[in-house]
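The listed protein sequences derive, respectively, from chains A and B.
To convert a position in the first sequence, counted from 1, into the numbering used here, add 3.
To convert a position in the second sequence, counted from 1, into the numbering used here, add 3.
Just so it is clear, CB atoms sit at the ideal spot from N, CA and C, and this is done for glycine as well.
Just so you know, these numbers come straight off a predicted model, no measurement behind them.
2 protein chains.
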Amino acid sequence: MAVTQEDVARRAGVARKTVSNVISDYPHVSDRIRKKVLAAIEELGYQPNRAAQNLRSGRSGMIGLAVPELDVSYFAELTRLVVQATERRGLTVLIIQTFGDLTREHASLNGFGHQRLIDGLICSPIASSGEDILNRGGGFPVVLLGEQVSVAPDHAGIDHVGIDNVAAARTATEHLLSLPRKRVAFVGASRSTDSHMADLRLAGYRQALAAAGVPLRPELVFSVNGYHRRDGAEAGRRILALPPEERPDGVFCANDLLAQGLMRALHDTGYRIPHDVAVVGFDDIDEATYSIPSLTSVSPDKAQIAETAVALLLDRVNGSDEADHDTVTDFSLVVRESTAGPRR
Amino acid sequence: MAVTQEDVARRAGVARKTVSNVISDYPHVSDRIRKKVLAAIEELGYQPNRAAQNLRSGRSGMIGLAVPELDVSYFAELTRLVVQATERRGLTVLIIQTFGDLTREHASLNGFGHQRLIDGLICSPIASSGEDILNRGGGFPVVLLGEQVSVAPDHAGIDHVGIDNVAAARTATEHLLSLPRKRVAFVGASRSTDSHMADLRLAGYRQALAAAGVPLRPELVFSVNGYHRRDGAEAGRRILALPPEERPDGVFCANDLLAQGLMRALHDTGYRIPHDVAVVGFDDIDEATYSIPSLTSVSPDKAQIAETAVALLLDRVNGSDEADHDTVTDFSLVVRESTAGPRR
DNA sequence: GCCGGTGTTTACCACGTGGCAGAGAAAGTT
DNA sequence: AACTTTCTCTGCCACGTGGTAAACACCGGC
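Here it is, written out as structure tokens:
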């Protein structure tokens, strides 16, 4: 069934190893032999056995990409970019969804209980702590995406790529305050698992309030169970349960999906956006451009994140760079309809 | 560095093969030895080498899932379900994005130029023809998702899972006609690549018109370059370029993203949905529930599709089922705001 | 005490490939 | 002409595992 180098060698009338040499572009092979071997490969339709290559070489040619969920558009968009950056370098990406589950994150950090499945991992951690990541057992390099996880001072061989979440959240909140809006809420504090991402964005929100001399009102910080549209809608309903005079006139959401769900819930009760409530999201997913109203959002440079992460990881995989990198990527605030103009 | 069965065996004072037996739950192993071996595994942190297992067993434990693009929400949602269904059976999914590119689809059908990378493939083809799929060289079973690709009569060892696209499109169009709407357009005919999916949905649209005795107006069939929001928005602008009396009062879009882009473009010019134009989408992605207005959509039973596809594929991988299956899964029409009520 | 049976452990081999170094031939040097 | 160097090609080995079957130990029965 399967054609091996042995079969090709027989067909071409050479040694099996010569076939291997042709394939791996070993320089000292005569043109005559090379042609014969290539012809035999063509005729027989030989394809290398990845498992054997992998076993022999110790490389799988795959890197892992662990993201929480692909149906969170931000990660889908980022995944696409990471895959493209990796393929450009001739490798394959094994995409793993962790669903924010600690067990699954550990599994990915430990190589899924298998050696040599992946040569390296790009991981966007949710539940894992710094220690979890340091204690990884996979034996392969790791690049962390997104929020900076506090690991040991020397990072211990782990790279990081992501934007400055605190600064970005501060920028978003300052934008709401400048419209001006008086009662600016934060939606997306973490309720169940402790999400470092949420902590950082909440910190930026607080910094902006403090800088503007606005007292933090705990009743305007809304926790969520997750970061999907339904969780945003649920937060919206909690906002509407407040007495009218206590409701916010501006909301900064920890991600765009929350914002979309929130806008939908507010819309159901006749609230106008941005007229009654201005909304800012985070991630700048494609939907933010096209939703009604379109959504003002913090836009991380996803292409830069993907490209940097892949480059750093492969440098480590190839052993060409041992230093620890902590790359801070760019972001911008894209202003759209959801924050256009002052209140009333 | 890497701990092998050999190391475990030395530690436990047994033969290497005994370690292998313990791991593969060979029944005739004494408790005393089993405990010793398991203890040694624990102490040394042994992890099986996947490449070696793969090489020896001829199984990779991975199946491929080839979808056009993960940032098309329908595929992201479907991917999640396929991954969950596969993991429940103890296997891993290698997710591949083909971007509707023929070369990439061929690569996936042929196992990416490598043997034994995947044990089977679930493929959602866009560009591939029936022959392309029949001439696959991967040597592993394939399950096709989505539109029925016309392959040879006996299917030649290929399963298919998907809804009846024609019937679903007819249902959607009939819904628009029943509101009633007089000028019902179709958005999503394929412009560049020939998309079988688009052909089928267009066919359903035509059937519904014919059944209602409504003549097909070619100027109400809009082609697109792709199936993203931007393509829907572009179609919307072409609709707005028509003289007002020629514009449709109902639009059936080939997928939800087109519908979202279309609604956005119409909204920009002050069109009210469903007041002026009723819109129906296809896929029932999460966004359809939360958008403003929420979107009436054909809802394929994605969980059923994923579950069936994985079950069929693994039956073939395990050799337990050789018959060709063509499973037609359920769909429903979920009516929401975008088609609520008659015109004007 | 020998024997078949059952339970437990082990030795050997093969999966397909790449690294290494050696064999043989051709070319260049003294 | 003999010797070195360079170029081609080849054979051997190991990667870590699971399948097959042989070896060994123990047990009960005649």
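Rounded to a whole number of angstroms, what is the C-alpha to C-alpha distance between residue i and residue j?
i, j, result
"D28(A)", "D34(A)", "12 Å"
"E46(B)", "N113(A)", "16 Å"
"T89(A)", "R107(A)", "23 Å"
"R322(A)", "L105(A)", "The sequence as given places Gly at residue 322(A); Arg does not occur at that position. Rounded to the nearest angstrom, the two C-alpha atoms are 29 Å apart."
"D329(A)", "E290(A)", "30 Å"
"D304(A)", "V227(B)", "28 Å"
"P218(B)", "L212(B)", "7 Å"
"Y230(B)", "H199(B)", "13 Å"
"V224(B)", "N24(A)", "57 Å"
"A18(B)", "I44(B)", "14 Å"
"N57(B)", "T342(A)", "55 Å"
"E1(A)", "A306(A)", "Shown here, chain A extends from 4 to 347; a query on residue 1(A) therefore has no answer."
"A172(A)", "V254(A)", "12 Å"
"R119(B)", "T95(B)", "14 Å"
"P128(A)", "P221(A)", "27 Å"
"V280(B)", "Y274(B)", "7 Å"
Tell me whether residue i sits in a helix, a strand or coil according to DSSP, three-state version.
i, result
"S193(A)", "strand"
"D329(A)", "strand"
"G229(B)", "coil"
"Q307(A)", "helix"
"V25(B)", "helix"
"T95(A)", "strand"
"F78(A)", "helix"
"V283(A)", "strand"
"H199(B)", "helix"
"S294(A)", "coil"
"V254(A)", "strand"
"Q100(B)", "strand"
"G116(A)", "helix"
"S335(B)", "strand"
"L124(A)", "strand"
Use the C-beta contact count for residue i: other C-beta atoms within 10 angstroms, 16 or more gives buried, fewer gives exposed.
i, result
"V40(B)", "buried"
"D272(B)", "Residue identity differs from the one stated: residue 272(B) is Thr in this sequence, not Asp. Counting Cβ neighbours within 10 Å, T272(B) comes out exposed, since fewer than 16 surround it."
"L203(B)", "buried"
"D333(A)", "exposed"
"A326(A)", "exposed"
"H31(B)", "exposed"
"R233(A)", "buried"
"R319(B)", "buried"
Counting only C-beta atoms, is residue i closer than 8 Å to chain B at any point?
i, result
"Y293(A)", "yes"
"G229(A)", "no"
"N321(A)", "no"
"L243(A)", "no"
"V86(A)", "yes"
"Q8(A)", "no"
"N168(A)", "no"
"A5(A)", "yes"
"V11(A)", "no"
"L298(A)", "no"
"R339(A)", "no"
"Q263(A)", "yes"
"M200(A)", "no"
"P51(A)", "yes"
"A238(A)", "no"
"R35(A)", "no"
Please check if any C-beta of chain A sits within less than 8 Å of the C-beta of residue i.
i, result
"I98(B)", "yes"
"R184(B)", "no"
"E3(B)", "Look at the range of chain B in this structure, 4 to 347, and you will see that residue 3(B) is not part of it."
"N24(B)", "no"
"A54(B)", "yes"
"L94(B)", "no"
"Q307(B)", "no"
"G116(B)", "yes"
"R347(B)", "Because R347(B) carries a pLDDT of 48, less than 50, the predicted location of this residue cannot be relied on, and the following value inherits that uncertainty. Judged by the 8 Å Cβ criterion, R347(B) is not in contact with chain A."
"L58(B)", "yes"
"E325(B)", "no"
- the stretch 66–81 of chain A contacting the stretch 102–112 of chain A, beta-carbon criterion three pairs below 8 Å: Under the 8 Å Cβ criterion, the stretch 66–81 of chain A counts as touching the stretch 102–112 of chain A, having at least three qualifying pairs.
- Touch check for the stretch 45–65 of chain B and the stretch 71–88 of chain A: three-plus C-beta pairs under 8 Å? no
- Message: Does the structure place the stretch 176–186 of chain A close enough to the stretch 10–25 of chain B that three or more beta carbon pairs sit under 8 Å?
- Response: Because the criterion of three Cβ pairs below 8 Å is not met, the stretch 10–25 of chain B and the stretch 176–186 of chain A do not touch.
- Message: For the pair the stretch 235–245 of chain A and the stretch 262–269 of chain A, tell me if three or more CB-CB distances fall below 8 Å.
- Response: Yes: at least three Cβ pairs fall under 8 Å.
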